[in-house]
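Below: the structure, in structure tokens.
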Amino acid sequence: MSENNEKNTGPNIEDLLPPLKSSGFDSGSTSANSSKSWDGGSIPPEEDFIVSFKNWLFANNPFYLLSVFFMFWGLYLASVDGATGRGPESLKSLILFYAVENLYEIIMFAMALYLLHKRVNQPHGRLLVFFIIIFLCDATMYQSVIANSCDLSTMWVGGVISSVYFILAAIKIGLLLHFLRIRIYYEAIFYSLSSFALLYFTPHMLNYMAMTKGTNQYNVWWVFYVIMLTASILQLPVILMNWNKKYEDFVDESENKYFGGTELYFYKMIVIIPFIAVPVQIFLNAASDLKSINPDFANFDYGFIPYIFFSAFFIQSVYKSLISSYFGSLNMYDFICSLVIFAVAVITKPTDISVFGAAVFYPHRINVLLMIAANIAFFITRKNYMSISFVAALALYYTKTYYIGVVEYFTANTTRRAVLFIMVSFVMLAAGFVLSIAGKNAGNGPAITERVKNEEASAHKNV
323 MSENNEKNTG PNIEDLLPPL KSSGFDSGST SANSSKSWDG GSIPPEEDFI VSFKNWLFAN
383 NPFYLLSVFF MFWGLYLASV DGATGRGPES LKSLILFYAV ENLYEIIMFA MALYLLHKRV
443 NQPHGRLLVF FIIIFLCDAT MYQSVIANSC DLSTMWVGGV ISSVYFILAA IKIGLLLHFL
503 RIRIYYEAIF YSLSSFALLY FTPHMLNYMA MTKGTNQYNV WWVFYVIMLT ASILQLPVIL
563 MNWNKKYEDF VDESENKYFG GTELYFYKMI VIIPFIAVPV QIFLNAASDL KSINPDFANF
623 DYGFIPYIFF SAFFIQSVYK SLISSYFGSL NMYDFICSLV IFAVAVITKP TDISVFGAAV
683 FYPHRINVLL MIAANIAFFI TRKNYMSISF VAALALYYTK TYYIGVVEYF TANTTRRAVL
743 FIMVSFVMLA AGFVLSIAGK NAGNGPAITE RVKNEEASAH KNV
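Under the numbering used here, the first residue of the sequence shown carries the number 323, and numbering increases by one thereafter.
Below, the structure is given as structure tokens:
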């Protein structure tokens, strides 16, 4: 027993090890512990801060963000003249500046591929891919500046530049897929490229309208709505690519060793950034261009309704597992989104529909018809009975003037009320006959059963 006590009083293995140095990130560390070291000395607090800062610097690398900021600022200064406002002194000088920006993108693209494919520093490589997608979404508003700098004689130059830029964007996306060995999902790629095309070529169309407004009449309210409706419809491939999957997001969450993350993360990046960029660019650029064509252009909130409606289900497709965890049922999500967005559509309904001309289906009515068609599709594809009740409520609401007129007609005098009751009598007679045929032998069920039992009993006796 005494021997055991002597053994237990000996030094433990922990006593022979040097104390661990505090990193500054350990939430449980104290100032006393952080000052300990193996040789009994102390680490100065400033040295501990330097170590922590170096760790943060290597982990986050803010130089990429600073580089992008200074590039954005330089391009903004290149496209703004202090005396005349937006627009360079010449198209040639503007093209030169943005050629440098394209070279910058190519360098950033090569660096990202090197960091990712060689697995040198994949988190930083993914950060560069993020910035590349932002540039591809025309965050510098290059296409709008180029378009506004062209006259009728040089419009072809702007069209060629945007076409080259679009081809380069497609090549960059293709090279990322190829070198990173990422599985191709055509719906997501189509959405990204079509969004790029919308961002690149819409400014040229609006610039042409602005320069020819003296000879041609343009209904800017319809133009804005058509642009937003087009942007909305472009979301359909992503919405439909996994519509009837209950919980899975729109692409498989498989690891990719070259990307250093899941392919789902990559595809979320290339669809969510354009998804945000499109309405922002249309609001900042297209709306202002249309106002320059017609100064009376205002109150265009109705134009965003189709984009908001489609976006609810675009987000559902991309983040289906997250939405399923919060709502429990996708049918509930569909119903709530339809209800809320319909309320917004009613609030933003144009007060003066004369601006749309003599069209029977003006934007608000088209928005409502889109919601009705979508909810019928929800009922057919997902057996969503809440959606069909929503459609029935809308039908009653928008046809109330008609059935109120019918009621007023038949209740105008006694003769018409008599006709109404006779018509209802014939309808009830027909309904009763249909019910009789559909439920034939249903009322004689017990008698038939008893008769069958008696026949079986007599058969056994005969045997």
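Ideal Cβ positions, reconstructed from N, Cα and C, are used throughout, including at glycine.
Report the option in the options whose CA atom is closest to the CA atom of residue i.
i	options	result
VAL713	LEU661, ASN377 and ASN578	LEU661
PHE572	TYR580, LEU558 and GLY582	LEU558
LEU515	GLY481, SER651 and SER485	SER485
TRP565	VAL451, LYS705, ILE669 and ALA469	LYS705
ASN529	TRP544, TRP478, TYR507 and GLY396	TRP478
ALA696	THR737, TYR719, THR721 and SER633	SER633
GLY447	ALA717, LYS671, GLY754 and LEU498	LEU498
LEU474	TYR719, MET527 and ASP460	MET527
ASN424	ARG441, VAL442, CYS459 and LYS440	CYS459
LEU606	THR462, TRP378, CYS659 and VAL373	THR462
Taking 7 Å as the limit between beta carbons, can you name the residues of its chain near residue i, skipping five residues before and five after?
i	result
MET550	ILE604, GLY625, PHE626, PRO628 and TYR629
ILE615	MET531, ALA532, LYS535, TYR540 and VAL542
PHE664	MET693
PHE833	Absent from the structure is residue 833, since the part of the chain shown begins at 323 and ends at 785.
LYS613	PHE619
LYS671	TYR624 and HIS686
How many whole angstroms separate the CB atoms of residue i and residue j, which I take to be in contact at a CB cut-off of 8 Å?
i	j	result
PRO596	PHE518	7 Å
THR476	ALA608	Going by Cβ atoms, the distance from THR476 to ALA608 rounds to 21 Å, so no, they are not a contact pair.
GLU577	ARG505	Their Cβ separation, rounded to whole angstroms, is 12 Å, which puts GLU577 and ARG505 out of contact at 8 Å.
LYS642	LYS567	7 Å
GLU427	PHE457	5 Å
PHE635	ILE561	5 Å
Are residue i and residue j closer than 8 Å when you measure CB to CB?
i	j	result
TYR464	TYR513	no
MET693	PHE631	yes
PHE453	MET430	yes
PHE546	PHE622	yes
ILE710	VAL640	no
LEU435	VAL467	no
TYR580	LEU437	no
ILE786	TYR684	Only positions 323 to 785 of the chain appear in the structure, and residue 786 is not among them; the question remains open.
VAL690	ALA667	yes
GLU510	ILE592	At residue 510 the sequence reads Ala, which differs from the Glu that was named. It is a contact, given that the beta carbons lie within the stated cut-off.
SER471	LEU397	no
Give me, in chain order, the residues of the same chain whose beta-carbon lies closer than 6 Å to that of residue i; leave out the 5 immediate sequence neighbours on both sides.
i	result
VAL600	SER517 and ALA553
VAL390	PHE453
GLY582	GLN444
PHE701	SER709 and ILE710
ASP611	LEU528
PHE649	TYR655
GLU575	THR584 and LEU586
PHE347	Interpretation of PHE347 is limited by its pLDDT of 39, a score under 50 that renders its predicted location unreliable; no figure is taken from the coordinates.
In chain order, what residues of the same chain lie with their CB nearer than 8 Å to the CB of residue i, ignoring the 5 residues before and after it?
i	result
GLY404	Legend: pLDDT at GLY404 = 39, less than 50; position of this residue unreliable, value from coordinates given subsequently. Closer than 8 Å at Cβ, skipping near neighbours: no residue.
LEU449	ASN383 and TYR386
ILE645	ILE637, GLN638, LEU652 and TYR655
GLY407	Summary for GLY407: the model assigns pLDDT 40, below 50, so the residue's position carries little reliability, and this model does not support an answer.
GLU570	ASN564, LYS642 and SER643
TRP378	none
LEU399	none
TYR507	MET563, PHE572, VAL573 and TYR589
ARG441	LYS579, TYR580 and GLY582
Do we get a CB-CB distance below 8 Å when we pair residue i with the residues of chain B?
i	result
ARG441	Structure shown: chain B not included; a single protein chain is present.
Could you tell me if the beta carbon of residue i falls within a distance shorter than 7 Å of some heavy atom in the ligand NAP?
i	result
VAL467	Questions concerning the ligand NAP fall outside what the structure shown contains, since it holds no ligand whatsoever.
Practice item. Identify every run of the alpha helix (DSSP H) within the region 706-751, keeping only runs that are complete inside it and at least 4 residues long; order them along the chain. Key: Entirely contained in the region 706-751, the alpha helix (DSSP H) runs reaching 4 residues are, in chain order, 707-720 and 722-732.
Of all the alpha helix (DSSP H) runs that stay within the bounds of the region 508-561, which reach a length of 4 or more residues?
Unbroken alpha helix (DSSP H) runs of no fewer than 4 residues, entirely contained in the region 508-561, are found at 508-533 and 542-555, following chain order.
- Identify every run of the beta strand (DSSP E) within the region 623-676, keeping only runs that are complete inside it and at least 3 residues long; order them along the chain. Whole beta strand (DSSP E) segments, 3+ residues: zero.
Q) What are the uninterrupted segments assigned as alpha helix (DSSP H) that are 4 or more residues long and contained completely in the region 557-597, given in chain order? A) Counting only runs of 4+ residues, the alpha helix (DSSP H) found wholly inside the region 557-597 occupies 558-562, in chain order.
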